[in-house]
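Scroll down for the structure; my scribbles are underneath it.
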Amino acid sequence: MQLRFLLLFLFGGILLGHSQDKTKIASEKYPVSYDFGEKYNDRYRYSNLMTFEEGESDNKILVRAYYTGLILKPKGYLIERYDSELQLIDEFNYKFRGADFLDGFTANGQIYLLFIEYDPERLSYIYTVHQSPVGSYDFKKKNLLVVPSVYVENPVEKNYFNRNFTSGFSTTILFDRDQRAFALSLHYKKRKDNQHRIIIYDYNMNPVFDQDFSGEIEDKNYAFEGFKMAPDFSAAYLVGKAYFKKRRFKAEERKFQYEVVKIAAGGTQTASYDLPGKFSEGMKPLWKNNSLYLVGFYADRRDNRYNGIDFIAIKPGTLEAVKRQHNPFSEQFMKDKFGTENEKVVKNLVFKDAQFTADGSLLFNAEEYFVTRSLESNASGGRVQKERFHYNDIVSIKLDADGKMLWARNINKTEVTQGDGAYASYTSFSKDGNTYFFICTAADNPRLLNNERLIFKQGLSRNRNVFLIRIDGQGQVSYEKIIDQEEARLPLMVSKPLICDDSDTVYFYAKRGSKKQLVAVKIQG
5 MQLRFLLLFL FGGILLGHSQ DKTKIASEKY PVSYDFGEKY NDRYRYSNLM TFEEGESDNK
65 ILVRAYYTGL ILKPKGYLIE RYDSELQLID EFNYKFRGAD FLDGFTANGQ IYLLFIEYDP
125 ERLSYIYTVH QSPVGSYDFK KKNLLVVPSV YVENPVEKNY FNRNFTSGFS TTILFDRDQR
185 AFALSLHYKK RKDNQHRIII YDYNMNPVFD QDFSGEIEDK NYAFEGFKMA PDFSAAYLVG
245 KAYFKKRRFK AEERKFQYEV VKIAAGGTQT ASYDLPGKFS EGMKPLWKNN SLYLVGFYAD
305 RRDNRYNGID FIAIKPGTLE AVKRQHNPFS EQFMKDKFGT ENEKVVKNLV FKDAQFTADG
365 SLLFNAEEYF VTRSLESNAS GGRVQKERFH YNDIVSIKLD ADGKMLWARN INKTEVTQGD
425 GAYASYTSFS KDGNTYFFIC TAADNPRLLN NERLIFKQGL SRNRNVFLIR IDGQGQVSYE
485 KIIDQEEARL PLMVSKPLIC DDSDTVYFYA KRGSKKQLVA VKIQG
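According to our numbering, the sequence shown is numbered sequentially starting from 5.
As structure tokens, then:
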């Protein structure tokens with residue numbers, strides 16, 4: 005009897021301890037709740053989160069590249085699967101290396117990992133897909149493409165500011181996760197041999213379009229940044245910068261213009277929408293009610309800063325612009341955002357999210373992102389170049405159904421990292437006309453000015469606070485510290501979430517050293 009009582013006591017203690025590991029916290033100001041999953045031990049201290057997807061049965065699946073050794077080198081990929089209660093179901097160590105990871109996704113109970121690797125014997129780049137059932141992991145490798153080329157250092161390097169088209173070979177992969185399709189852009193150049201190919205795949209790895217784009221690059225090189233698929237898969241639309249090849253430019257000329265490229269069964273079409281004194285910047289394609297829209301920024305000829313918002317409605321069949329609205333930033337907003345002096349360096353605003361509301365209004369936001377480089381001394385007395393990635397101010401905009409700007413707000417922040425940017429930047433989520441921002445920062449007390457401007461100062465603490473910022477439909481700004489350093493000893497990877505629109509829930513992966521956990525944030529209305 006005593007033994008039975010002892011076993012029951014121990015078993016009950018185990019259950020009690022397990023339930024205490026998962027905690028739930030409700031916001032005091034907003035209809036938001038937070039669930040913290042159990043903290044788990046992890047053997048890989050150094051890793052990067054590569055992809056975060058929703059699987060079947062409400063499972064959450066993520067893939068991490070991990071690094072080991074005295075000199076850290078990539079050794080493989082750890083796949084983790086969590087249930088709806090944020091409990092770890094299983095892990096799988098996929099010991100594959102020697103290739104560049106492109107992206108990954110889940111579909112039909114399978115996990116797909118896309119890689120590109122160089123084969124020195126065939127003098128070619130090979131695109132491969134590694135496919136396995138989720139749960140009973142058994143990866144099979146399949147070649148998608150073989151592209152003859154010389155070896156280059158960074159074939160998938162993405163640079164928002166100035167692409168390198170002289171390296172011999174470069175590739176870009178872009179996803180439309182709403183329509184479950186992705187685009188591969190392949191650019192190869194060797195002497196006078198200049199080729200560009202665009203292939204669109206569905207999630208069953210079937211090519212929908214395979215287009216030779218070489219004829220379009222005689223005068224321009226293309227660096228694509230956005231991709232939308234027509235819901236009926238009749239056409240694909242890519243948006244990006246077209247860089248002019250001529251050697252000399254006048255002072256008032258630009259070296260590039262934004263273009264839309266349509267790919268369909270009948271071939272390709274291209275269109276640009278720049279006007280005299282109005283140059284498009286950071287354009288993002290959106291699809292709504294069988295119509296294509298471009299939304300972004302514009303700059304005038306005399307000023308290399310962003311001067312306002314550009315909204316264009318386009319006929320999907322002809323790429324004709326049927327409606328256009330330029331919205332200049334107010335003088336006060338420009339002062340808040342840029343200061344009174346001209347900027348010496350263009351700091352691009354990179355789109356993060358855009359969403360139409362029920363009444364046809366458009367909410368979107370972007371972040372000031374740029375890279376700086378400097379030479380520093382190392383231990384041996386030499387000089388090495390250091391790259392720093394800056395994630396600064398957030399710009400949030402609301403347009404009405406006709407593209408007219410209702411308000412623009414700026415959240416001032418400064419974040420700098422030399423390595424993994426997953427902990428920097430932010431995540432946004434829109435619901436019922438409100439936009440919520442999640443920021444993980446060492447700052448403690450941001451300043452709110454006139455309910456329209458929020459300022460975060462760079463903190464010095466090793467631990468991180470999580471702030472929830474809300475901008476309502478009228479542009480009023482408020483905030484709350486939702487998770488402090490004591491509650492979240494593991495910092496959240498706020499820029500790489502899993503957003504589940506059907507349940508209004510945002511999932512974050514939290515990790516430090518040998519500990520990890522999953523965190524769910526539910527916006528209830």
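The C-beta atom is built at its ideal place from N, Cα and C for all residues, glycine as well.
Inset, instruction - Look at residue 284 and residue 310 and say whether their C-beta atoms are less than 8 Å apart. - result: Not in contact: residue 284 and residue 310 (Cβ atoms no closer than 8 Å).
Legend entry - Cβ neighbour criterion (16 or more within 10 Å) applied to residue 454: Residue 454 should be labelled exposed.
Inset, instruction - Starting from residue 221, trace the beta strand (DSSP E) both ways and give me its first and last residue. - result: Careful: residue 221 lies outside any beta strand (DSSP E) and carries neither H nor E.
Legend entry - DSSP three-state assignment for residue 348, whether helix, strand or coil: Note that residue 348 scores a pLDDT of 39, beneath 50, so its modelled location is shaky and nothing firm can be said.
Inset, instruction - Keeping to the same chain, check which residues put their C-beta closer than 8 Å to that of residue 406; ignore five residues upstream and five downstream. - result: Hits under 8 Å: 327 and 329.
Legend entry - Three-state class that DSSP yields for residue 153 in the structure shown: Coil, per DSSP.
Legend entry - For residue 48 and residue 519, the rounded distance between their alpha carbons: Their backbone Cα atoms lie some 9 Å apart in a straight line.
Legend entry - residue 35 versus 440, 457 and 488, residue with shortest Cα-Cα distance: Looking at the Cα atoms, 440 is the closest of the given residues.
Inset, instruction - Can you give me the Cβ contacts of residue 336 inside the same chain, cut-off strictly under 6 Å, excluding the 5 residues immediately before and after it? - result: For residue 336, where only same-chain residues beyond five positions count, there are no Cβ hits under 6 Å.
Inset, instruction - Would you kindly work out how many angstroms separate the C-alpha atoms of residue 88 and residue 66, rounded to a whole number? - result: The alpha-carbon atoms of residue 88 and residue 66 are separated by roughly 14 Å.
Legend entry - Close Cβ partners of residue 323 (< 7 Å) along its chain, the five nearest in sequence each way excluded: Within the same chain, residue 323 has close Cβ partners 264, 266, 273 and 275.
Inset, instruction - Look up residue 417 in the DSSP assignment and say whether it is helix, strand or coil. - result: Reduced to three states, the DSSP call for residue 417 is coil.
Legend entry - the segment 232-241 contacting the segment 168-188, beta-carbon criterion three pairs below 8 Å: These segments touch.
Inset, instruction - In the DSSP assignment, find the unbroken beta strand (DSSP E) run with residue 80 in it and report its ends. - result: Unbroken beta strand (DSSP E) run through residue 80: 77-86.
Legend entry - Start-to-end residues for the beta strand (DSSP E) that takes in residue 391: Unbroken beta strand (DSSP E) run through residue 391: 387-403.
Legend entry - Sequence-distant residues of the same chain with beta carbon closer than 7 Å to residue 61, five excluded per side: Take residue 61, set aside five residues on each side of it, and no residue of its chain has a beta-carbon closer than 7 Å to its own.
Inset, instruction - List the whole-angstrom C-beta distance separating residue 475 from residue 413, where the pair is believed to meet the contact cut-off of C-beta under 8 Å. - result: Between residue 413 and residue 475 the Cβ distance is about 6 Å, and since that is below 8 Å, they are a contact.
Inset, instruction - Sort 85, 99 and 158 by Cα distance to residue 79 and report the nearest one. - result: Closest option to residue 79, Cα to Cα, is 99.
Inset, instruction - Taking the CB atoms as reference points, tell me whether residue 179 and residue 501 lie closer together than 8 Å. - result: No; because the gap between Cβ atoms is not below 8 Å, this pair is not in contact.
Inset, instruction - Could you tell me the distance, in whole angstroms, from the CA atom of residue 31 to the CA atom of residue 418? - result: A direct Cα-to-Cα measurement between residue 31 and residue 418 gives close to 26 Å.
Inset, instruction - Count the other C-beta atoms from every protein chain shown that fall within 10 angstroms of the C-beta of residue 124, then say buried if there are 16 or more, exposed otherwise. - result: Of the other Cβ atoms in all chains shown, fewer than 16 fall within 10 Å of the Cβ of residue 124; this residue is therefore exposed.
Inset, instruction - Determine the direct distance from the alpha carbon of residue 198 to that of residue 260, and round the result to whole angstroms. - result: Distance between the alpha carbons of residue 260 and residue 198: 19 Å.
Legend entry - Pick from 291, 325, 295 and 316 that is closest to residue 302, judged by C-alpha positions: Nearest C-alpha to residue 302: 316.
Legend entry - Close Cβ partners of residue 127 (< 8 Å) along its chain, the five nearest in sequence each way excluded: 152, 153 and 154.
Legend entry - Presumed contact (8 Å Cβ cut-off) between residue 138 and residue 85, rounded CB distance: Indeed they touch by this definition, with Cβ atoms about 7 Å apart.
Inset, instruction - Please list, in chain order, all residues of the same chain as residue 596 whose beta carbon is under 7 Å from its beta carbon, the five residues on each side excluded. - result: The displayed coordinates of the chain run from 5 to 529. Any statement about residue 596 would go beyond what the structure contains.
Legend entry - Bounding residues of the beta strand (DSSP E) (the contiguous stretch that carries residue 485): Looking at the DSSP string, the run of the beta strand (DSSP E) that includes residue 485 is 481-487.
Inset, instruction - State the Cα-Cα distance for the pair residue 350 and residue 97, rounded to the nearest angstrom. - result: Per-residue confidence for residue 350 stands at a pLDDT of 41, beneath the threshold of 50, marking its modelled position as unreliable; no derived number is given.
Legend entry - Exposure of residue 41, with buried meaning 16 or more beta-carbon neighbours within 10 Å: With 16 or more Cβ atoms within 10 Å of its Cβ, residue 41 is classed as buried.
Legend entry - Three-state secondary structure assigned by DSSP to residue 233: Strand at residue 233.
Legend entry - Under the three-state DSSP convention, the category residue 277 falls into: Reduced to three states, the DSSP call for residue 277 is coil.
Legend entry - Beta-carbon spacing of residue 445, residue 416 below 8 Å: With respect to the 8 Å criterion, residue 445 and residue 416 are not classified as neighbours on the basis of their beta carbons.
Legend entry - Reference residue 209, options 250, 132 and 254, closest by Cα: Minimum Cα distance to residue 209 is reached at 132.
Legend entry - Short Cβ contact (8 Å threshold) for residue 205 with residue 111: Cβ distance not < 8 Å, so residue 205 and residue 111 don't count as in contact.
Legend entry - Among 193, 451 and 247, the one whose alpha carbon lies nearest that of residue 225: The option with the nearest alpha carbon to residue 225 is 247.
Inset, instruction - Go to residue 457, then tell me how far its beta strand (DSSP E) extends in each direction, as first and last residue. - result: DSSP places residue 457 inside the beta strand (DSSP E), whose first and last residues are 457-459.
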